[in-house]
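Trainee: The sequence shown begins at 334 in our numbering and counts up one residue at a time.
Here you go, one structure.
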Amino acid sequence: MLYDSGATISLIKVNQLKGETAIYKDKVTLVGITGHKARAIGKMYATIDLDGRKIKHAIYVVKNDFPMEYEGILGIFSQKETSSENNRFHVTTKNEN
334 MLYDSGATIS LIKVNQLKGE TAIYKDKVTL VGITGHKARA IGKMYATIDL
384 DGRKIKHAIY VVKNDFPMEY EGILGIFSQK ETSSENNRFH VTTKNEN
């Protein structure tokens, strides 16, 4: 997964989800930097451990053929949460132990 501090949303391809990760319906149209438009399947919520702080973060789920080089893109959370240098993060879905 690519961390992109310039991205305002986060995306993940559906085949990257494990187990029975809950996907909530959210038929939003996404527009990439190239102008490509695609509809999200929905969104899921992940818990992100950012330097010891737990952050619940919405990630839009897209089809496997979504045109991006990575299996997912992790966008910014908020200025306050990402302001420290050398941030280290770990992403888990709520179904992981």
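From the three backbone atoms N, C-alpha and C, an ideal C-beta is built for every residue, glycine too.
Closest by CA to T367, which one among A355, Y378, G405 and M401?
Mentor: Among A355, Y378, G405 and M401, the Cα nearest to that of T367 is on M401.
Trainee: Leaving out the 5 sequence neighbours to the left and right, which residues in its chain are closer than 8 Å to L363 when beta-carbon positions are compared?
Mentor: These residues qualify, in order along the chain: I342, L344, K370, A371, R372, A373, Y393 and V395.
Trainee: To which residues does DSSP link T362 through a beta bridge?
Mentor: The partner list for T362 (beta bridge, DSSP) reads R372.
Trainee: Whose CA, out of V361, E404, M377 and D359, lies closest to the CA of E353?
Mentor: Among V361, E404, M377 and D359, the Cα nearest to that of E353 is on M377.
Trainee: Starting from V394 and walking both ways along the beta strand (DSSP E), at which residues does that stretch end?
Mentor: That run of the beta strand (DSSP E) goes R386 to V395.
Trainee: Just mark G339 as buried or exposed, buried being the case when its beta carbon has 16 or more other beta carbons within 10 Å.
Mentor: Exposed: under 16 other Cβ atoms inside 10 Å.
Trainee: Give the secondary structure of S416 by DSSP, where H, G and I count as helix, E and B as strand, and everything else as coil.
Mentor: Legend: pLDDT at S416 = 44, less than 50; position of this residue unreliable, value from coordinates given subsequently. DSSP places S416 in coil when its eight states are reduced to three.
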